[in-house]
Amino acid sequence: MLLEFPVAGDQELYRAVCAAPCITNDSPLPSSAAAKPTNIMESLTSRLDALRPKIEELMRIGGTPGLSLGVMHQGTQVYFASYGYRDVEQRLPPNEETILPVCSLTKAVTSAALGILVDENKAGWDTLVKDALPSLDIKDETL
């Protein structure tokens with residue numbers, strides 16, 4: 601899944617940033633055609649590090665005070681970087697313990713998770729939340 605949103609004329613950057621949460625254990629990591637399998641992680645790290653100025657520019661444009669970017673591969677964290685501040689007044693940077701609001705990203709993450717469950721035949725696109733999670737107290741019968 602690749603999300604495309606043009607931002608300040610730099611659509612390619614935003615594609616790369618938005619695609620990062622969509623990588624799953626079965627997805628190949630981004631790499632150049634010339635990269636060898638043993639160099640994939642180094643290539644990924646250097647390419648994501650190279651995006652730092654552009655990510656910071658997008659944060660400035662969007663008024664984002666801080667964010668964290670993590671990449672997991674086969675259950676292991678292979679990349680982590682933080683940008684900006686978790687507390688602007690005290691100028692404290694985010695770290696691996698910082699809890700950040702994900703806002704509308706929950707829709708993409710939930711859809712991707714449901715897609716994985718459908719692919720594994722553990723749910724269907726028409727499965728109701730109340731059937732999958734009977735302990736969840738839902739008043740809305742359509743869910």
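In the numbering used here, the protein residues as written are 601 to 743. Virtual Cβ for every residue (Gly too), placed ideally from N, Cα, C.
Beta-carbon spacing of residue i, residue j below 8 angstroms
i: A681; j: L669; result: yes
i: A723; j: A732; result: yes
i: Y685; j: G662; result: no
i: I738; j: V729; result: yes
i: V671; j: L700; result: no
i: Y683; j: E720; result: no
Residue interval of the beta strand (DSSP E) (run including residue i)
i: T676; result: T676 to G684
Residue span of the alpha helix (DSSP H) that contains residue i, given as start and end
i: V729; result: V729 to A732
i: D746; result: In the structure as shown, the chain starts at 601 and stops at 743, and residue 746 therefore has no counterpart that could be examined.
i: D726; result: Segment: none, D726 is in no alpha helix (DSSP H) and carries neither H nor E.
i: D719; result: L705 to D719
Residue i - partner residues in DSSP beta bridges
i: G666; result: G684
i: L692; result: D687
i: M659; result: M659 is not bridged to any residue.
i: V671; result: Y679
I want to know whether the region 707-726 touches the region 671-691 - three or more CB-CB distances under 8 angstroms. No: fewer than three Cβ pairs fall under 8 angstroms.
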